[in-house]
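The structure under discussion appears below in the form of structure tokens.
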Amino acid sequence: MAHSSTDNPNSLQSDKEESSEREVLISHTRASSNFYVYLLTCFAAIGGFLFGYDTGVVSGAMLLLKTEFSLSQEWQELVVSITIGTAIFGAVVAGYITDKLGRRPFLWICSAIFTAGAVLMAVAESRDILVLGRAIVGLGIGGASMTVPLYIAETTPASVRGKLVTMNNGFITGGQFVASIIDGIFANVHQGWRYMLGLAAVPSLILFIGCIFLPESPRWLIKHNHLGAARKALKKLRGTIHIEEEVQGIIAVCQEEETLATEQGKQNCVSILKDPTARRALLLGCMLQAVQQLSGINTLMYYSATIIVMSGIGTDNLAIWLAAAVAFGNFLFTIVGMFLVEKIGRRKLLLGSLALVTLSLFLIGGAFYLIDINDPKVTFHEQASHCTSLDSCMQCVAKEDCGFCYNQNSHGYFTNGSCTFTNLSSHRALSGRCSNGQQAKWAYSTCPSHFAVFSFVGMILYIASFAPGMGPMPWTLNSEIFPLWARSKGIASATAVNWICNLIIALTFLNLMEWITRYGAFWLYGSIAFAGWVFFYFMVPETKGKSLEQLETIMAPKR
């Protein structure tokens with residue numbers, strides 16, 4: 262009589278050993294898959310690092326560039342904004358190219374463009390060549406800013422998708438922090454701006470090489486009928502051969518969308534506006550990107566050192582290092598956001614972040630209001646000139662050839678303020694107390710203030726509030742909410758809105774402070790942030806833990 266395996270102790274032991282070996286093998290396979298997915302994300306997110314590096318490096322470099330090339334206020338805004346302008350074009354074009362060529366080849370193109378632009382900036386001998394280099398870099402940044410979150414979202418599992426798309430934002434803020442450190446290191450080096458701008462070629466070359474090892478998006482491959490390549494990519498990405506259910510799910514969505522495309526002619530951006538689900542996603546995606554920029558983040562990133570100097574805190578060199586502290590806070594709190602996004606969800610993180618951003622913007626505005634109403638007055642006239650006709654420190658330092666000389670008594674009050682001529686090459690006083698070694702203090706381009714620290718505290722609070730939520734969530738949600746047929750063009754459109762609003766901020770910030778005052782500018786940004794919070798409260802769904810295919814149902818209008 263034969264004995265069943267359950268009656269045989271040796272057989273039971275053998276089954277347990279086989280089961281244990283299987284579990285160990287599965288565990289190793291999953292660990293290998295997770296490592297590969299994280300490695301893939303890190304390589305792709307170098308595109309985000311380049312985005313952040315360029316945003317951050319110009320803050321410190323501008324203090325040197327405006328002296329090197331005698332840049333007027335308009336030229337300073339052009340150097341900043343030309344990159345943003347070409348990034349808009351790069352982001353829009355990216356939607357079409359990534360649909361035709363694939364996600365990976367376009368990342369390759371972006372890295373090559375960025376490298377060329379960085380090298381050109383480093384060797385620039387005129388402001389025209391500098392601006393050309395910045396324009397070329399913008400094309401690469403715009404393309405990468407649209408493609409990287411899309412690529413990460415399409416290659417990663419739903420369980421970690423939010424975390425890994427947020428990791429791209431970690432690389433953006435990491436790039437800003439590294440840029441601020443580079444700014445500080447080369448601030449006192451002869452023509453240090455060349456190193457600041459040129460070193461961007463290093464990470465772009467790493468991305469160029471890394472693209473060799475990146476797989477194509479399985480969703481893009483299936484959409485273009487490359488089923489064999491898609492299965493191979495998914496097996497590598499998931500660390501298992503059991504990927505058929507996911508493949509069939511993607512195929513079903515693609516077939517449904519092809520049917521809709523045939524019936525309704527969904528072939529272009531106008532088609533997105535005709536489809537209720539895609540239209541809702543487009544409205545939400547564009548609003549997320551618009552509010553992110555119009556709440557003023559890149560005033561702090563592009564002009565952080567300028568704002569710090571403007572508030573009356575120390576020298577240009579100190580301002581560069583304090584700007585580095587702001588950039589580090591941005592990076593640190595973005596990492597915090599990576600751990601929160603899958604725990605508390607996208608919606609709560611977005612709304613909580615934006616509420617605190619609103620508060621901090623009103624705090625910064627309030628600090629500048631106190632600085633302005635306590636502006637030191639001119640009470641002492643050393644010599645007759647057009648400088649002596651000015652009544653306060655703010656009016657005085659607004660003139661390129663004037664500076665403010667003053668004393669500070671034992672109680673900390675500013676006394677004996679005078680406005681006098683400045684040596685334009687050294688930025689020191691040409692005559693009077695501040696030129697002959699007397700016990701007087703000199704201020705050029707900024708004014709002393711007891712309230713300067715409040716503006717810096719407001720900046721830190723702003724960054725701590727913005728970085729975990731409003732920084733990554735627009736990119737994370739945009740990578741999730743669009744149906745597959747509209748995903749590339751939808752994300753490209755939303756990314757273009759981001760860059761357009763970024764351009765508006767960069768082009769208007771310095772002038773806006775003249776038109777409606779410094780505190781008025783930050784209160785305006787705070788008002789926009791509050792309006793955005795109200796809109797998102799009613800419009801943003803929770804997408805945590807949902808597959809991209811499930812999210813199409815969530816975004817569909819309720820009948």
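So the sequence shown is numbered by my numbering: it starts at 262 and just counts up by one. For glycine and all other residues, C-beta sits at the position ideal for the given N, C-alpha and C.
In the DSSP output, what is Thr-681 paired with across the bridge?
DSSP lists Gly-664 as partners of Thr-681.
Can you find the residues in the same chain that come closer than 8 Å, C-beta to C-beta, to Leu-495, ignoring five residues on each side of it along the sequence?
Counting only Cβ-Cβ distances below 8 Å, and skipping sequence neighbours, we find Pro-479, Ile-504, Glu-507, Val-508.
Are three or more beta carbon pairs between the segment 608–623 and the segment 721–738 nearer than 8 Å?
These segments touch.
According to DSSP, simplified to helix, strand and coil, what is Ser-331?
Note: Ser-331 maps to coil in three-state DSSP.
Within 10 angstroms of the Cβ of Arg-364, are there 16 or more other Cβ atoms? Answer buried if so, exposed if not.
That one is buried.
On the premise that Ser-653 lies in contact with Lys-638, defined as a C-beta separation below 8 Å, what is that separation, rounded to the nearest angstrom?
Rounded, the Cβ-Cβ distance is 5 Å, consistent with contact.
So for Gln-669, helix, strand or coil by DSSP?
Note: Gln-669 maps to strand in three-state DSSP.
Along the alpha helix (DSSP H) that carries Lys-750, what are the first and last residues, could you check?
That run of the alpha helix (DSSP H) goes 745–777.
Three-state secondary structure (DSSP) at Ser-653?
Residue state, collapsed to three classes: strand.
DSSP puts Trp-736 in a beta bridge; with which residues?
Answer is none; Trp-736 lacks a bridge partner.
Looking at the secondary structure, which residues open and close the beta strand (DSSP E) in which Ala-704 lies?
Start and end: 702–704.
With a Cβ-Cβ cutoff of 8 Å, do Ile-402 and Asp-315 count as a contact?
Contact flag set, yes.
May I have a chain-ordered list of the alpha helix (DSSP H) segments no shorter than 4 residues that lie completely inside the segment 361–440?
Listed in chain order, the complete alpha helix (DSSP H) runs (minimum 4 residues) inside the segment 361–440 are 364–383, 388–416.
With distance defined between alpha-carbon atoms, name the residue in Thr-560, Arg-422, Glu-741 nearest to Glu-813.
Measuring from the Cα of Glu-813, the nearest candidate turns out to be Glu-741.
So what's Thr-707 in DSSP terms, helix, strand or just coil?
In this structure, Thr-707 counts as coil in the three-state DSSP scheme.
I'd like to confirm the pairing. Which residues does DSSP put opposite Phe-799 in its beta bridges?
BP columns for Phe-799 are empty, so no partner.
When the Cα atoms are used, what is the spatial distance from His-642 to Ala-373?
Rounded to whole angstroms, His-642 to Ala-373 spans 58 Å at the Cα level.
Using only the alpha-carbon positions, how far apart do Ile-483 and Asp-360 sit?
Between Ile-483 and Asp-360, the C-alpha separation is close to 12 Å.
Is the CB-CB distance between Lys-398 and Gly-378 below 8 Å?
Per the sequence shown, the amino acid found at residue 398 is Val instead of Lys. Yes, the Cβ-Cβ distance between Val-398 and Gly-378 is below 8 Å.
Return the first residue and the last residue of the alpha helix (DSSP H) that Thr-560 is part of.
Here the alpha helix (DSSP H) through Thr-560 covers 558–563.
Work out the CA separation of Ile-349 and Gln-811 for me, nearest whole Å.
The alpha-carbon atoms of Gln-811 and Ile-349 are separated by roughly 30 Å.
Check the DSSP bridge columns for Lys-638 and list the partner residues they point to.
Lys-638 is bridged to Ser-653.
Would you be able to state if there are at least three C-beta pairs under 8 Å between the segment 453–467 and the segment 339–346?
Touching, no, given that fewer than three Cβ pairs across the two stretches are closer than 8 Å.
Could you check what DSSP says for Phe-623 in three-state terms: helix, strand or coil?
Phe-623: helix per DSSP, three-state reduction.
Among Phe-330, Thr-778, Gly-351, Ile-413, whose alpha-carbon lies nearest the alpha-carbon of Ile-625?
When only C-alpha atoms are compared, the closest one is Thr-778.
Taking the alpha helix (DSSP H) that Val-552 belongs to, which residues open and close that run?
It spans 537–555 - the alpha helix (DSSP H) in which Val-552 sits, taken as one unbroken run.
Skipping 5 residues on each side, what residues in its chain have a beta carbon closer than 7 Å to that of Glu-803?
Only Gly-606, Arg-607, Arg-608 meet the Cβ criterion.
Classify Lys-604 as buried or exposed, calling it buried when 16 or more other Cβ atoms lie within 10 Å of its own Cβ.
Classification of Lys-604: exposed, given that the 10 Å Cβ count is below 16.
What's the C-alpha gap between Ser-808 and Leu-561?
Roughly 35 Å separates the two Cα atoms.
Looking only at its own chain, which residues have a Cβ that is under 6 Å from the Cβ of Glu-284, when we skip the five neighbours before and after it?
In this prediction, Glu-284 has a pLDDT of 48, which is less than 50 and means its spatial position is unreliable; what the coordinates show is noted afterwards. The answer is none, since no qualifying residue turns up.
Evaluate Pro-476 with the Cβ neighbour count: other Cβ atoms within 10 Å of its Cβ, from every protein chain shown; 16 or more gives buried, anything less gives exposed.
Buried.
May I have a chain-ordered list of the alpha helix (DSSP H) segments no shorter than 4 residues that lie completely inside the segment 463–507?
Listed in chain order, they are 479–484, 488–499.
What number of angstroms, rounded off, separates the C-alpha of Leu-651 from the C-alpha of Glu-661?
Going from the Cα of Leu-651 to the Cα of Glu-661 covers about 13 Å.
Whose C-beta lies closer than 6 Å to the C-beta of Ser-749 among residues of the same chain, with five residues either side of it excluded?
The residues are Gly-356, Thr-359, Asp-360.
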